[in-house]
Structures are given as structure tokens and as C-alpha cells.
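Undergrad: Every letter in the sequence shown is one number past the one before it in my numbering, and letter 316, counting from 1, is 816.
Note that beta-carbon positions come from the ideal geometry of N, C-alpha and C, so glycine has one too.
Quick one: the structure is below, and I'll ask about it shortly.
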Amino acid sequence: MNRHTKADILRAGIAAPSADNSQPWQFAWSGDELDLRIDASRSGGVSDTRYVLSDLAAGACLENMIIHARSLGYAADLQTFPRDEDALWVARIRWRRDPEWNSSEPLAGAIERRHTDRSFPWRGPIAAQTQARLDAQARLIPGQQLYWPQTSPERKASLRIIRQAETLRFRSPALHAELFSSIRFAAGWQNGCEEGLAPATLAVEPPMRPVFQALRRPALMRMLNRIGAASGLGWRSAWLPIRLSPGLCLLVIPSTARSDVLAGGRALQRVWLQATLDGLSVQPYAAAGVLSLGFVPVEPAFQPPLSRLGSALSELCAPGCGLVFLRLGYARSAPSSRSGRRALASFGAFP
């Protein structure tokens, strides 16, 4: 595998999504073997306890690389979590020429086009055949599946769970600090940035932008929460966009094991790429799933609602574990701003 091909594979990898655009990946090549590690400096936050969000992002990165390499005629021999005592070492991939190579790899064409869209309302409906294609992509990764709330009670329960999780992100001081630390307000409301969340990507209405920016101050957030601000923000960020969109599904993984979360990231990416090919816009909501797994150390005052959140989500998708909700629909146009990426050289040693 030549240097140009290796660079192309890495570029496909870093095009994957990550929580708050943290890009927590590190690469190291040795011949045709590639090690994927979690970047300690870009992981381990309060919501990333036990590396749930980083494993999810690593899985998406892995799947992008595998898909792109397959389009170039390479197969991947994958070993996940090669050393138990090294929590940051996610995978070792050995690339080899695929004797059964077929140049047709449709998902590869969607890697650079895939993006998060926070706009609304979205049009529908989403055809049964489209849902079936998304289901099939999830199931290609063993143990992974999509749950679609079909009835009105199921959809209302899902909406309630997502809103409660998003509300908690503004109520808990630890989660609030983590959320606003990822937003690069210095970039302004018109520009992008290569890491973190550019305000321009958040779809905040112009009249509300000064208020939203002011909410990063803990004292103001605490004061406004006395009159229910967090609940209102949860309504605006989750309930309203989902209520005005035709599609909602939940990625369900078999267990909370790191290997299953990593596989969940791979399935998530396949579903998202297929949705992109089908012309669907996608917005992920990971807070409900991640918080319900029970690893996030929020303040004691918020442990009871966190426990109720986990129980409610379990009722929807037991015996599996709900990991990420996806809002789906057909937007009138693509978002004008997208999250950027760091330079390839910043992700580690490259021969």
C-alpha cells in the first residue's frame, strides 16, 4: 500500500462524525498495519467516561476507512482492543489486497457528503423501502439493529426521553460546562472551524444568538434554570425539531461492552451513509443513550432523573441498549455551514 493510498484511507477516516466534533483519533502506521488509538487529550470528558463517545467515534472512523479501502481493492483484517491494559488502543487493521474485489462500493461515495443537519422542519414521508435499506446497513454489523417508534405512544415516549436528556445537559453544571466548552464562539456566527462546534453549524435563530452565547456563563444558567430555562432549551433543541420531522430511529446495541459500542459506531456510520445516498438529512441525538448507560458521573442531585431516563429507554428497546437516536427527513437545502477537520498530520505519525 503506497503513501497516497494510506493518506486517502486516513482522510476517509477523519471524515467520520464525533461528539462535539472532537475528532479523538490517533493513527500510527507500520508497513500495511494501521493502529487506531483514542487521543487522550481529546477524550475522557464527563460524558466520555469509559470512552463511550470516543468508542462510538472510533467505530465510525473505522467503518469509513474499511469502506473506502474496499473501494480501492483492499480488505481489512480487524483486531479490536488488542491489549486489555491499554484502554486507548482501539484497533489494529492489517490491509491486504482483496482477490474478490468488486469496484462497486456505493457507500464510499457518501463519505465526504455526509454531514449533520440541525435545520427543521423536514419533509416526508420516509418510504418503507428506504427504512429497509437503513435497517439492512445496521444489521451488516453483527448484533446491531435499528428501532423505529411506530405507534403514537412509542414516538411520544421517545420524544420525552430525548427531551429529558437534552434538558439535563443544561441543568447539570458538569454537563453544561462540557457542552459550552466545545462551542467555538470566537469563530463567530458566519465562519467554520477545524475542531469543535462552530456556532454557525448549530442552527440557532439570529434573534436568539446573543442569549444562547450568554448561557455559557454558569451563574446565568443557574439563575435562568430557576424559571425552567433548561426545559425550554430541551424543547427547542430536541422536541420541536423531532416533532417537525417525519423519521426517528434508535440504534440499539447488544450490551454496554466497549466492543459493542465500537460496533455501534460502525453501524451508525453505515446507516448515516446510506441515508445520505437516499437524500435524507440526519441529526443524531446521543445524550439519551450515553447518559442512560450509567457511566456518566453527574452531580448527586441529578442521579434520580438520570436513573429514570435509563429505565424509560430500556423499556423502549430491551433487551438491547439504546445508543443514538437519529432524526431523519428531507430538508429543502443542505446546511450552509459544516464542521471542519484538522490537518491530517495532526492525527499522528504518518510514514
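Comparing alpha-carbon positions, which option in 682, 700, 683, 681 lies nearest residue 690?
TA: The sequence position of residue 690 within the sequence shown is 190, counting from 1. If we check each option's Cα against that of residue 690, 700 comes out closest.
Undergrad: When the Cα atoms are used, what is the spatial distance from residue 791 to residue 665?
TA: If you number the sequence shown from 1, residue 791 lands on position 291. If you number the sequence shown from 1, residue 665 lands on position 165. Their Cα atoms are separated by approximately 7 Å.
Undergrad: My output table needs one value for residue 780: the three-state DSSP class, helix, strand or coil.
TA: Residue numbering aside, residue 780 sits at position 280 when the sequence shown is read from its first letter. Three-state DSSP puts residue 780 in coil, outside helix and strand.
Undergrad: According to DSSP, residue 683 sits in a beta bridge with which residue or residues?
TA: Here residue 683 is taken as the residue at index 183 of the sequence shown, counted from 1. In DSSP, residue 683 forms a bridge with 697.
Undergrad: Decide if residue 776 is buried, meaning its Cβ has at least 16 other Cβ atoms within 10 Å, or exposed.
TA: As a working note, residue 776 is residue 276 in the sequence shown. So residue 776 counts as buried.
Undergrad: With a cut-off of 8 Å, do at least 3 Cβ pairs link the region 756-772 to the region 578-594?
TA: A contact exists between the region 756-772 and the region 578-594.
Undergrad: Under the rule that 16 or more other beta-carbon atoms within 10 Å means buried, what is residue 586, buried or exposed?
TA: As a working mapping, residue 586 is identified with position 86 in the sequence shown. Residue 586 should be labelled exposed.
Undergrad: Quick one: is residue 794 buried, meaning 16 or more other Cβ sit within 10 Å of its Cβ, or exposed?
TA: Stepping through the sequence shown from its first residue, residue 794 is reached at position 294. Under this definition residue 794 is an exposed residue.
Undergrad: At the level of alpha carbons, what is the spacing between residue 622 and residue 829?
TA: Here the question's residue 622 lines up with position 122 in the sequence shown. Here the question's residue 829 lines up with position 329 in the sequence shown. Distance between the alpha carbons of residue 622 and residue 829 is about 5 Å.
Undergrad: Along the chain, which unbroken stretches of the alpha helix (DSSP H) at least 4 residues long are found entirely within the region 563-606?
TA: Within the region 563-606, no complete alpha helix (DSSP H) run reaches 4 residues.
Undergrad: With a cut-off of 8 Å, do at least 3 Cβ pairs link the region 839-849 to the region 503-523?
TA: Yes, since at least three Cβ pairs between the region 839-849 and the region 503-523 fall closer than 8 Å, the two stretches touch.
Undergrad: Should residue 697 and residue 839 be called a contact, given that it needs their Cβ atoms to be closer than 8 Å?
TA: One-based indexing of the sequence shown puts residue 697 at position 197. One-based indexing of the sequence shown puts residue 839 at position 339. Yes, the Cβ-Cβ distance between residue 697 and residue 839 is below 8 Å.
Undergrad: Determine the closest residue to residue 771 out of 564, 548, 505, with distance taken between C-alpha atoms.
TA: Start at 1 with the first residue of the sequence shown, and residue 771 comes out as number 271. Selected option, being the one with the closest Cα: 564.
Undergrad: To the nearest angstrom, how far is it from the Cα of residue 783 to the Cα of residue 833?
TA: The sequence position of residue 783 within the sequence shown is 283, counting from 1. The sequence position of residue 833 within the sequence shown is 333, counting from 1. Cα-Cα distance, rounded: 14 Å.
Undergrad: How would you label residue 667, buried or exposed, when you count the other beta carbons within 10 angstroms and need 16 or more for buried?
TA: Reading the sequence shown from its first residue, position 167 is the one you call residue 667. Buried is the call here.
Undergrad: Whole angstroms is fine: what's the gap from residue 518's alpha carbon to residue 726's?
TA: Indexing the sequence shown from 1 puts residue 518 at position 18. Indexing the sequence shown from 1 puts residue 726 at position 226. Each residue's alpha carbon lies about 32 Å from the other.
Undergrad: Cβ atoms of residue 631 and residue 648: under 8 Å apart, would you say?
TA: Here residue 648 refers to the residue found at position 148 of the sequence shown. Here residue 631 refers to the residue found at position 131 of the sequence shown. A contact, by the Cβ cut-off of 8 Å.
Undergrad: Could you pull out every residue in the same chain whose Cβ sits closer than 8 Å to the Cβ of residue 694, ignoring the five residues on either side in sequence?
TA: Here residue 694 refers to the residue found at position 194 when the sequence shown is read from its first residue. Answer for residue 694: 840, 841, 842, 843, listed in chain order.
Undergrad: With a floor of 3 residues, list each beta strand (DSSP E) that falls wholly inside the region 734-808, ordered by position along the chain.
TA: Whole beta strand (DSSP E) segments, 3+ residues: 747-753, 781-785.
Undergrad: In the DSSP assignment, what are the bridge partners of residue 824?
TA: Looking up residue 824 in the sequence shown gives position 324. Paired residues: 751.
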